[in-house]
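Student: This is the structure, below, for whatever I ask next.
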């Protein structure tokens, strides 16, 4: 009746979620935030794509021996950020094709370069509406060139895994 | 609903007061950690809640107003004592059989499946098992009763790190699957951080601090700044614990969230549960935080003493 671990690994169906969490006990970062960061990191590196399922709460709890409320809090945070959505009775799934949210240091740096860009635009005489229009235009071009491929990649994975 | 609720609870052993005017309320749906120095009254409090001991003074109810030791209470509470007592000459199968016949509810299928997953043979005698296996067997017997409240007294004290992890994984899985409320006492602060979402700090027989872990952490900050200014600010802030060096001071302060701004030249850091708990343990005089509303304060209660 005992389960041989090596045996079960080779014969078991593929894991539901493409990622597994780990905990850094010495980091001082709250557990739920560690989970949130790991999902964001996996999204950035392509371990997770659109339609992927996050590990089931019960599995995370059994694996890491943490409070289920901690996992729920992390998943709620991911929902608030617009990265994932919970489907009752099924689990939590990635709904964001790529990660738009970036960490604070990067955001600060981007903001700094944007401020100097706006100053340059102002110096050559572009007004506020002109700046807004130019940014919207560049964004649209950028999305058409790159965004589409990321969405397709996610959709293909969704079909292959048979997720309805 | 509060899973454990006490009002002015006292318990004396001769001239020793194990519990002294202990008032607390632990709401349901939590994994509550009961923390405190040796002799603070943790085991006494748990034994009273389970019905193994009677209070000298005060009132106690469990699971939303049930008197301790009543049939309704006994039926819904499972308790694993400090030394995970098992009949050492009984096999796992015998212990399942006994527990099934002594309780109104017992999930034999769950128990057998759990022991199978743990690799504990049903024919093996309890006395021949490792400490970790004995703890897991005691826990399995408790959980197979499908309790609403699981009380664990120092469950991890005797276990090695791997056995601790596996033990808590079993407890947390039960919380995820059945929503069982848990109250556990422990000394292992670092490991409480990942499992507990409610904290009760007992000192000298009464409650020093109680509340949801997130709230407690949010309400405390360590402020670091010049020691020369620390006395001035120490008067303005609610300082729990202060450590001062020649030029630098660290003040652990309790804040109410909104109005507490960090003065220029000072830095604010958040704390871990372990740091927070240690700071309060070092300052037994530091005041208690109010716990949640107690039934008596908000509604008519039917408590009879």
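Residue numbers (this note's numbering), protein chains in the order written: chain A, 1 to 164; chain B, 1001 to 1305.
Every residue, glycine too, gets a C-beta built ideally from N, C-alpha and C.
(1) Which bits of chain B does residue 28 of chain A rub up against, with CB to CB less than 8 Å?
(2) Taking only the alpha-carbon atoms, compute the straight-line gap between residue 1286 of chain B and residue 1225 of chain B and give it to the nearest angstrom.
(3) What does residue 1079 of chain B pair with, by DSSP beta-bridge criteria?
(4) With a CB to CB cut of under 7 Å and the five nearest residues on each side skipped, what residues in its chain are close to residue 82 of chain A?
(5) Tell me the DSSP secondary structure of residue 1027 of chain B in three-state form.
(6) Would residue 1170 of chain B and residue 1136 of chain B qualify as a contact pair, given that the criterion is a beta-carbon distance under 8 Å?
(7) Between which two residues does the beta strand (DSSP E) holding residue 1203 of chain B run?
(8) Output, in chain order, the set of chain A residues within a Cβ distance shorter than 7 Å of residue 1197 of chain B.
(9) Does the stretch 44-62 of chain A come within contact of the stretch 105-115 of chain A, defined as at least 3 CB pairs closer than 8 Å?
(10) Cβ atoms of residue 1182 of chain B and residue 1152 of chain B: under 8 Å apart, would you say?
(11) Does any residue of chain B bring its CB to less than 8 Å from the CB of residue 20 of chain A?
(12) Output the residue ranges of the alpha helix (DSSP H) runs that lie fully inside the stretch 1051-1075 of chain B and measure 4 residues or longer, sorted by chain position.
(13) Please list, in chain order, all residues of the same chain as residue 27 of chain A whose beta carbon is under 6 Å from its beta carbon, the five residues on each side excluded.
(14) Quick check: is the beta carbon of residue 1178 of chain B nearer than 8 Å to any beta carbon in chain A?
(15) Specify the secondary structure class of residue 1128 of chain B as computed by DSSP and reduced to three states.
(16) With residue 1017 of chain B and residue 1010 of chain B assumed to form a contact (beta carbons below 8 Å), what rounded beta-carbon distance in angstroms separates them?
(17) Please report the residue range of the alpha helix (DSSP H) in which residue 1001 of chain B lies.
(18) Determine whether the Cβ of residue 108 of chain A lies closer than 8 Å to any Cβ atom of chain B.
(19) So residue 1168 of chain B contacts chain A; which residues on that side make the cut at Cβ distance below 9 Å?
(20) Give the DSSP-derived three-state secondary structure of residue 1208 of chain B in the structure shown.
(21) So what does DSSP say about residue 1084 of chain B, is it helix, strand or coil?
(22) Spell out whether any CB of chain A is found under 8 Å from the CB atom of residue 1194 of chain B.
(23) In the DSSP assignment, find the beta strand (DSSP E) that holds residue 1248 of chain B and state where it starts and stops.
(24) For the candidate residues A:69, A:115, A:141 and A:143, whose alpha-carbon lies nearest to that of residue 1212 of chain B?
(25) Mind checking if residue 1165 of chain B is an interface residue toward chain A, Cβ cutoff 8 Å exclusive?
(26) Closest Cβ-Cβ distance between residue 62 of chain A and chain B: below 8 Å?
(27) Could you name the residues of the same chain whose beta carbon sits closer than 6 Å to that of residue 1116 of chain B, not counting the 5 residues immediately before and after it, in chain order?
(28) Does any CB atom of chain A fall closer than 8 Å to the CB of residue 1002 of chain B?
(29) Please return the same chain residues whose Cβ sits closer than 7 Å to the Cβ of residue 1172 of chain B, not counting the five positions on each side in sequence.
(30) Taking the alpha-carbon of residue 1030 of chain B as reference, which of B:1084, B:1267, B:1178 and B:1251 has the nearest alpha-carbon?
(31) Residues of the stretch 35-64 of chain A with a CB closer than 8 Å to any CB of chain B: list them in chain order, please.
(32) If contact is defined by three or more beta carbon pairs under 8 Å, each pair taking one atom from either stretch, is the stretch 1151-1166 of chain B in contact with the stretch 1068-1081 of chain B?
Tutor: If we stick to the structure as given:
(1) 1272
(2) 22 Å
(3) Residue pairing from DSSP places residue 1079 of chain B in a beta bridge opposite B:1151.
(4) 96
(5) strand
(6) For residue 1170 of chain B and residue 1136 of chain B, yes; Cβs fall inside 8 Å.
(7) 1198-1203
(8) 67 and 69
(9) no
(10) yes
(11) no
(12) none
(13) none
(14) no
(15) helix
(16) Indeed, because the Cβ distance is near 7 Å, the residues count as touching under 8 Å.
(17) No alpha helix (DSSP H) holds residue 1001 of chain B; DSSP gives it neither H nor E.
(18) no
(19) Simply 65 and 66.
(20) strand
(21) coil
(22) Yes, residue 1194 of chain B counts as interfacial toward chain A.
(23) 1248-1254
(24) A:69
(25) yes
(26) yes
(27) There are no such residues.
(28) no
(29) The residues are 1195.
(30) Minimum Cα distance to residue 1030 of chain B is reached at B:1178.
(31) 57, 58, 61, 62, 63 and 64
(32) yes
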